[in-house]
Every structure is written in C-alpha cells, then in structure tokens.
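The structure appears right after this line, and notes come after that.
Protein chains in written order, with the numbering used here: chain G, 1200 to 1378; chain B, 634 to 1025.
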C-alpha cells in the first residue's frame, strides 16, 4: 500500500466538490453569485426558510388568554410573568347577571431565560400561545429580550398555518385563530 | 549455576556496565513533564481536562479531570415535573438529543404502566436512529479534523443538515426536540415527511460512501489510527465501555438487538457491526458502518409505519405511581439508562442518569499509558465522548 492512491483520491473528491461550488453550470460558465453552488447561505442578504414547526418565537393571541397561569407554572425555568384581574362585564341579555371576565394586565416572556421547549404552548388550554418560526429578535441589551404582551402579540401574524399530517395519522389539524 | 572464568568476567563487565548506566541515569535525571490537555482544547469536545505526565514523548500517566461543565441534572430533575424533565435531559448529549429523552420516557411509562401506541413507537425509533446518524457522522468528521484533515469536517457539517432538517420538520427543534411525551409523542409527522426523509437517507448513504473514501482510504489517517490505542475486549468490558467503542473491540453487544423493549428495532432487519481489532481505526470504522446501517433501519421502519394515534390516554397532570424503574437503551454514544425512583409525586424523587461517555472515558488512564503524545489525539477522537454526556 503506497502513500499515493488514497491521498490522490481524497484530493480528487475535494477538488470535485470545489469545482461544483464555483462552477455549478460547468467549467465554461462561471456564475457571478458565489452562493449558487455553495451550500452556505450568505445570511443577512439571503435567508433560509425555517420549517413550519420550527420553534423560533412564541406568539400570544391575547383575546384567548384568561390569565389561568398554567403556562407560567409549567415553564421549566419560570420565565413567564402573568398578572391579571377580574372585572364584571355587562350582561349579554337584558336583565341578566353581569359576567365575570378575566383581563390580562401583564404577559411577559423573558427570552433570555427561555429554553424554547414549547411546554407553555402545549399546556395552554385556550389556544392563546403559538409558535412562530421567526428567529430575528436578538437585542443588544439583555433586558430588551423581555417581550411584553404587545410585542408577543405582534408575532401573531407570523404564525404559519398548521400543516396537514402524513397519511395514517389520526391527529386533527388545528387552526390558527384570526383576529 | 556453573560459573566459568569467562562467564565470571562477563558478569563483572555486566555489573560494571550497569553501574555506569545507573550513574549516567543519576546524572541525567530526566524529570517528568505535566501536560494539561484542556480544559479548553478542540480534542476534548467541550471542557474536559486531561492531566498527562510525560516522559519525553511518552505518556506515563493520564488522568481525566471532569466536572467543568457539571450542570447538576440529576438534582434538577428532583424539582421538575416529568414533562419538564425532557427539556433538561435534551441537553445531555447535544448531538443526539432525541435519544436522551427516550430511556427516561420509557422508564416513566414503565412505572405508569402506559404503553405508547405503535405509531409513536415507530416514529420514536426512526428519530432515535436519525440522531445516531447525525451524531456518528459528525463524530467521524471531527475525528478526521483532529487528525489534520480539514475537509471531512465541513462535509460532515454539510451533510448532517439533511438529517437535522428532517428532525426539525417533525419536532420543531434542530438540537433540542423535546418531542417525547409519557404515553407517546407530542405530535404526528407532517405530510410529505416520509418521502423527504427517504431522500435524506439516500444522501446520508452517499455521505457515508464519500467519508469512507475520503477518510478511511487516506493513508495518513490509516497510519495514525491502525494499531493505536488498542483496547482488548476484556479490558473494555471491565471498564464498562459500551456502544461503538465496545463493538470496536470485538464485543457483540448491542442493546438495540438484545433488549429492544419499548422501541421497534426488532421490526427491522439489520446487523450489529463489530471489528475485532480494538484500535482507533476499528472504533471509527464501526461508527461509520452503524451510520450506514441506521439509514437502512430508518428506511425499513418508514415503509412499515403503522397508522393510528400517536398518544395513549394519559391524565393531563402526570403523577407517576410509587416505585422504581430502570431502562437502558443503546444511544449514539453507548448504553444510556435512567433509574427513576418515584414517591407518587408530580416530580421524581431521584433520577440516576447512566450516560455512556462517563464510562467510556474511564478507560482513558489505561489506554493512554505508554502512548506517544500525537496518539493521544487519535485515541481521544476515536473514543468520541461528548462533554455534556460526561458531566451531565
């Protein structure tokens, strides 16, 4: 076994991949954009689309939230802060009793602590929390990573529709509420 | 003893030579050097420190010092409810994190006497095997990088994305799926996933072939790994090694085949790969074969995926009845097990995590004794441990 054959073969593989990257359409037609043949993505200029289920950021549909605190309790590192109060809404019918309703005063998620596990989205019994694949919310200051309910509500329009399931599945496709 | 005059003279000469030798040794008393490999070193996959005492180029003793990344997961699980625990234990072996959840969930299911529906078991096994493929691929690329080959590690990172994209498409997380639940899975697979996974498995087989010709056909790689760091089967068993490292020593022991409880490995036709040599090369070779075998397992299980629900009937608030359970599975790095003690509470009373890398690096003092300094890297890379798996 000589030193040469394996090394030459390895160099050949590397060179072939290199050529494919620089000349994706053959050696006679050089492509100006370097990222055509490359697998890397030139990030700020072009973006990869995350999958539908990707856990990027949590969106809050405020109308559905009743401040039941289930998500705050189930969070593994307790990074959800909720405050709410009850108020009496006028009755639906004439002469009825006033209804007791829950209003949300504060709903904060501290993304500097969040582990992106998705337990809060899963335990929410009223479908007020959703995952959005949006990922660009880094901040220069760590305190700005605390998203309040207005900011969490803004993510709501980025929430994709739930995908259909593979054949053989018995799960029901949920719907994203529209405001 | 028949002493003749000639031999007497020879004896005297021998003694004189010995005395001279010892005098020289006293004069040139060589002092051992202590070399700290790590805690920050690319060869340690994190923050493992290896204190190596050297005599020239040879290692006299090497002691792994661990605990730089200890996160206290065994203690943290005692104050987390069962669904919260899977979030934490995802982060033990971060390259094959879905595999970490499975033994814990299986142990909790054993205590609760819940059985996951077949579709959930199948998907679990598929994702389990995909995490093995991703893990082994990166391990091989990383090993080549540590031995001086720059290209394979980039190819490994590139090709691993095909698996991770599939994992993300179904679980929502590339590295921390948090997809396993007591009694089944969080969700079913999305439409079109089976076809795209089959495509990615074809790409993984191509990646395995490419890696084989690029790394295993390379003469430099072969010279640096063949006959280096030989661990005989008995020693490997005594030190409690498991996984590809044990099979690289020729021990035919695989929990996927030997105790497939809770997973669907017995439903596929596959082979346990072993290599009789026990050196660095054989460990890497077994890893490559297992990666390729994993793609076949995934293909077969995708074909036979049963229909039905993915979640058994479990209460919304999970309370695990009193008792103890121990479940061990064959994770990418080796045998990983969870011993759960429950007092019938919302949280486990005690969780003992047996992770593979902790036992796999126990052999480091034995195997590094007497080797040359450049071989340390080759041996450590072939043992392929992940620090999160050691320190927990």
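Using N, Cα and C, we set each Cβ at its ideal position, and we do this for glycine too. As the structure is a computational prediction, the values presented were derived from the model and not from experiment.
Taking the C-beta atoms as reference points, residue 875(B) is found nearer than 8 Å to residue 968(B). Just so you know, the alpha carbons of residue 682(B) and residue 671(B) end up roughly 4 Å apart. Nearest neighbour of residue 789(B) by Cα position, chosen from 899(B), 771(B), 817(B), turns out to be 771(B). When Cβ pairs closer than 8 Å are counted between the two stretches, the segment 1001-1020 of chain B is seen to touch the segment 691-709 of chain B, the count reaching three or more. Per DSSP, residue 799(B) is one residue of the alpha helix (DSSP H) stretching across 784-804. Per the Cβ contact rule, the segment 728-740 of chain B is in contact with the segment 969-981 of chain B (3 or more Cβ pairs under 8 Å). A Cβ-Cβ contact shorter than 8 Å links residue 1275(G) with residue 1318(G). Ranking 767(B), 728(B), 722(B) by CA distance to the CA of residue 1314(G) puts 722(B) first.
Around the CB of residue 647(B), fewer than 16 other CB atoms lie within 10 Å, so the residue is classed as exposed. The continuous beta strand (DSSP E) containing residue 1281(G) extends over residues 1279-1288. The DSSP-derived three-state label of residue 894(B) is coil. The C-alpha of residue 706(B) lies about 13 Å from the C-alpha of residue 733(B). Restricting attention to 1227(G), 1326(G), 1333(G), the CA atom closest to the CA of residue 1270(G) is found in 1326(G). Counting only runs of 4 or more residues that sit fully inside the segment 863-933 of chain B, the alpha helix (DSSP H) segments are 866-871, 877-880, 888-891, in chain order.
Remark: fewer than three beta-carbon pairs, one from each stretch, lie closer than 8 Å, so the segment 906-914 of chain B and the segment 947-954 of chain B are not flagged as touching.
Cα atoms of residue 808(B) and residue 1218(G): separation of roughly 32 Å, rounded to the nearest angstrom. Pairing residue 695(B) with residue 1252(G) gives a Cβ-Cβ distance that is not under 8 Å. In its chain, beyond the 5 residues on either side, 1281, 1283, 1301, 1303 have a beta carbon closer than 7 Å to the beta carbon of residue 1266(G). Annotation: the continuous beta strand (DSSP E) that includes residue 1330(G) extends over 1328-1331.
For residue 1303(G), DSSP records a beta bridge to 1283(G). Counting only Cβ-Cβ distances below 8 Å, residue 1238(G) has contacts in chain B at 791, 794, in chain order. The beta-bridge partner set that DSSP reports for residue 1296(G) is empty. Counting C-beta atoms within 10 angstroms of its own C-beta, residue 1356(G) has fewer than 16 neighbours from the protein chains shown and is therefore classed as exposed. Residues of chain B with a Cβ closer than 7 Å to the Cβ of residue 1357(G) do not exist, since the nearest Cβ in that chain sits about 15 Å away. In this structure, DSSP gives residue 683(B) an extended state, which the three-state scheme calls strand. Among the residues facing chain G, residue 784(B) is included, as its CB has a counterpart in that chain under 8 Å away. Apart from the 5 residues on each side of it in sequence, residue 1003(B) sits with its Cβ closer than 7 Å to the Cβ of 691, 692 in its chain, given in chain order. Counting along the chain, no alpha helix (DSSP H) covers residue 861(B), and no H or E run does either.
Here residue 886(B) is actually not in contact with residue 896(B); their C-beta atoms are around 17 Å apart, not less than 8 Å. In this structure, residue 780(B) sits near residue 1014(B), with a CB-CB distance shorter than 8 Å. Residue environment analysis places residue 1244(G) among the exposed positions, since fewer than 16 neighbouring C-beta atoms fall within 10 angstroms of its C-beta.
Taking 8 Å as the cut-off, the beta carbon of residue 731(B) is found no closer than this to the beta carbon of residue 709(B). Where residue 830(B) is concerned, the enclosing alpha helix (DSSP H) starts and stops at 826-844. With 16 or more other CB atoms across the displayed protein chains lying within 10 angstroms of its CB, residue 1273(G) is buried. Here the C-alpha atom of residue 765(B) lies approximately 18 Å from the C-alpha atom of residue 987(B). No Cβ of chain G is located within less than 8 Å of the beta carbon of residue 946(B).
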